[in-house]
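This report refers to the structure that appears directly beneath it.
Numbering (the numbering used here), first residue to last: 437 to 642.
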């Protein structure tokens, strides 16, 4: 057809959030009444999309995201919990794969129990099955909830590295990664930028 379903129904193209963000931040608000020359220069600069302007745009938007996340934590402090699972904790994993399926009501919402082995630098957890089979990727923290065992579960095998189905070197590699968990792929630079922006927000708040 050559056009989006939105255009077929409404006859106009949708406005994307990125369009509004660029229009907001690429042209800074004038402090006074600009002249025609200054107005043309600002419009030309916005159309050029210079790298320094795009970098400043990314920094500003990311800073607002960090502030919004902190505001959400303050407003919902009573309902948001950081379980901070230790090694050997039994957890259930939220089955996010079924959340968009039509028959999700008859599917299990949580999988497990799993055993927590460690937590990587990105905050995701490395977990394994009760038989020592380690999941191939870290699990995001928001997907894990405590498993309340009715009886005592013997986990003395955690002290034996040979019980796990991966090598110690591979486990250390997973612990040193900056992955946020699951299919999300964020490089080290992105996480360093997030930490820098978070520190800037904390400095401004103090």
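C-beta atoms are modelled at their ideal positions from N, C-alpha and C, and glycine is treated no differently.
This structure is a prediction, so every number in the text was calculated from the model and none was measured.
Could you check the C-alpha separation between residue i and residue j for me, to the nearest Å?
i	j	result
residue 446	residue 439	12 Å
residue 546	residue 584	13 Å
residue 549	residue 502	33 Å
residue 441	residue 536	21 Å
residue 596	residue 568	10 Å
residue 620	residue 614	Unreliable positioning characterises residue 620 in this predicted model, as indicated by a pLDDT of 48, which lies under 50. The coordinate reading is nonetheless provided below. For residue 620 and residue 614, the distance between alpha carbons rounds to 11 Å.
residue 602	residue 451	48 Å
residue 476	residue 470	10 Å
residue 538	residue 444	26 Å
residue 491	residue 531	37 Å
residue 479	residue 493	16 Å
residue 497	residue 504	11 Å
residue 565	residue 542	23 Å
residue 696	residue 527	No answer is possible for residue 696: it lies beyond the span of the chain, which begins at 437 and ends at 642.
residue 572	residue 521	19 Å
residue 670	residue 592	With the chain covering only 437 through 642, there is no way to say anything about residue 670.
residue 487	residue 510	35 Å
Looking at residue i: is its Cβ nearer than 8 Å to the Cβ of residue j?
i	j	result
residue 533	residue 617	no
residue 529	residue 574	no
residue 570	residue 600	yes
residue 554	residue 523	yes
residue 552	residue 563	yes
residue 515	residue 557	no
Which residues share a DSSP beta bridge with residue i?
i	result
residue 470	Its beta-bridge partners do not exist; DSSP assigns none.
residue 582	527
Could you check whether the Cβ of residue i sits closer than 7 Å to any heavy atom belonging to the ligand MN?
i	result
residue 492	As for the ligand MN, it is missing from this structure, which has no ligand bound.
What are the complete alpha helix (DSSP H) segments, minimum 4 residues, inside the segment 499-579? Segments of the alpha helix (DSSP H) lying fully in the segment 499-579: there are none.
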